[in-house]
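Same order as they appear, the protein sequences are chains A and B.
When you number the first sequence by the numbering used here, it's gap-free, plus one each residue, and the end is 631.
When you number the second sequence by the numbering used here, it's gap-free, plus one each residue, and the end is 121.
Before any comments, here is the structure.
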Amino acid sequence: EAGVAQSPRYKIIEKRQSVAFWCNPISGHATLYWYQQILGQGPKLLIQFQNNGVVDDSQLPKDRFSAERLKGVDSTLKIQPAKLEDSAVYLCASSPTTDGLNSPLHFGNGTRLTVT
Amino acid sequence: AQSVAQPEDQVNVAEGNPLTVKCTYSVSGNPYLFWYVQYPNRGLQFLLKYITGDNLVKGSYGFEAEFNKSQTSFHLKKPSALVSDSALYFCAVRPPGGFKTIFGAGTRLFVKA
Numbered sequence: 516e517a518g519v520a521q522s523p524r525y526k527i528i529e530k531r532q533s534v535a536f537w538c539n540p541i542s543g544h545a546t547l548y549w550y551q552q553i554l555g556q557g558p559k560l561l562i563q564f565q566n567n568g569v570v571d572d573s574q575l576p577k578d579r580f581s582a583e584r585l586k587g588v589d590s591t592l593k594i595q596p597a598k599l600e601d602s603a604v605y606l607c608a609s610s611p612t613t614d615g616l617n618s619p620l621h622f623g624n625g626t627r628l629t630v631t
Numbered sequence: 009a010q011s012v013a014q015p016e017d018q019v020n021v022a023e024g025n026p027l028t029v030k031c032t033y034s035v036s037g038n039p040y041l042f043w044y045v046q047y048p049n050r051g052l053q054f055l056l057k058y059i060t061g062d063n064l065v066k067g068s069y070g071f072e073a074e075f076n077k078s079q080t081s082f083h084l085k086k087p088s089a090l091v092s093d094s095a096l097y098f099c100a101v102r103p104p105g106g107f108k109t110i111f112g113a114g115t116r117l118f119v120k121a
């Protein structure tokens with residue numbers, strides 16, 4: 516099966532600019548996650564979708580971050596305006612709910628964002 | 009608060025020696041437990057999971073993990089390390105009742121030839 520696809524792989528922007536990341540999960544995976552991984556830290560959940568509904572966005576900085584999954588398939592994460600501390604790798608992951616709560620996450624290769 | 013701790017930033021072992029990467033968690037109930045590995049410039053890759061049953065679970069690439077409920081630990085092990093095992097390892101827990109997954113800070117494994 517094809518893996519989780521993310522684009523772009525790298526992005527460099529100046530602070531206060533906007534940026535968007537795209538993710539296409541594995542076909543048939545109903546659950547989609549966006550994680551932020553700051554250098555030297557573990558991934559931190561930003562938002563979790565079940566189909567096209569938000570399940571958990573408690574750690575999403577909603578004043579600057581937004582995400583959508585309009586048709587329950589691919590998803591976009593946007594930052595506007597970006598801050599220096601947003602420099603990180605943004606990981607998208609998906610999992611098949613049909614396998615139950617013990618199904619592992621399948622990750623894309625991430626987008627490395629550098630804010631200057 | 010729910011959390012995962014990986015007490016060692018880095019673990020160094022010689023090739024051929026056994027390795028252990030430690031993980032403890034603080035989650036109420038009976039969570040699902042996972043280990044993932046991350047190679048440079050790549051996403052995380054699933055290694056193994058504990059759901060229920062035998063406390064020793066086996067996973068990919070010869071790795072195994074030992075679950076200890078009384079110590080709330082889930083340590084990753086391998087009997088004989090390879091240089092190619094050098095990578096970043098993450099322990100993760102999924103609290104009961106949902107799909108939310110919480111990750112530890114990661115442990116860098118360095119295997120010396």
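No residue lacks a Cβ here, since even glycine has one placed at the ideal position from N, Cα and C.
Source: prediction; values computed, not measured.
Query raised in the report: By the criterion of Cβ-Cβ separation under 9 Å, what are the contact partners of B/A113 in chain A?
Result: G555, Q556, G557
Query raised in the report: Using the beta-carbon of each residue, which ones in chain B are nearer than 8 Å to A/Q667?
Result: As displayed, chain A neither begins before 516 nor continues past 631, which places residue 667 of chain A out of reach and without an answer.
**Report entry** Whole-Å CB distance - A/T546 paired with A/Q563, under 8 Å assumed
**Finding:** 7 Å
Query raised in the report: Between B/N25, B/V101, B/K108, B/T115, which lies nearest to B/N38 when the distance is taken from Cα to Cα?
Result: B/V101
Report task. Examine chain A for any beta-carbon lying closer than 9 Å to the beta-carbon of B/F82, and answer yes or no. Result -> no
**Report entry** For B/L84, three-class secondary structure by DSSP
**Finding:** strand
Query raised in the report: Helix, strand or coil: which one does DSSP assign to B/E74?
Result: strand
Query - Contact belief for B/V19 with B/L117 at Cβ below 8 Å, rounded distance in angstroms - result: 5 Å
Query raised in the report: In three-state DSSP terms, what is A/T612?
Result: helix
Report task. Could you tell me the distance, in whole angstroms, from the CA atom of B/F75 to the CA atom of A/K598? Result -> 41 Å
Report task. Would you verify that the beta carbon of B/V65 is, or is not, closer than 9 Å to some beta carbon of chain A? Result -> no
Query raised in the report: Taking Cβ-Cβ distances shorter than 9 Å, what residues in chain B pair up with A/D571?
Result: G106, F107, K108
Query raised in the report: Can you tell me where the beta strand (DSSP E) with B/Y40 in it begins and where it stops?
Result: 40-46
Report task. Taking A/Q565 as the reference, give the member of A/S602, A/P523, A/P558, A/L616 with the closest Cα. Result -> A/L616
Query raised in the report: Would you say A/N617 reaches chain B, if we count a Cβ-Cβ gap shorter than 9 Å as a contact?
Result: yes
Query raised in the report: Per DSSP, A/N539 forms a beta bridge with which residues?
Result: A/A520
Requested in this report: Measuring alpha carbon to alpha carbon, tell me which of B/S78, B/T60, B/S81, B/E72 ends up nearest B/V45.
Outcome: B/E72
Query - Cross-chain neighbours of B/K30 in chain C, by beta carbon under 8 Å - result: Among the chains of the structure shown, chain C does not appear; the protein chains present are A and B.
Query raised in the report: What residues in its chain sit with their C-beta under 6 Å from that of A/W537, if we drop five residues either side in the sequence?
Result: S522, T591
**Report entry** Test: B/N76 CB closer than 9 Å to a CB of chain A
**Finding:** no
Query raised in the report: With respect to the beta strand (DSSP E) encompassing A/D571, which residues constitute its N-terminal and C-terminal limits?
Result: 568-571
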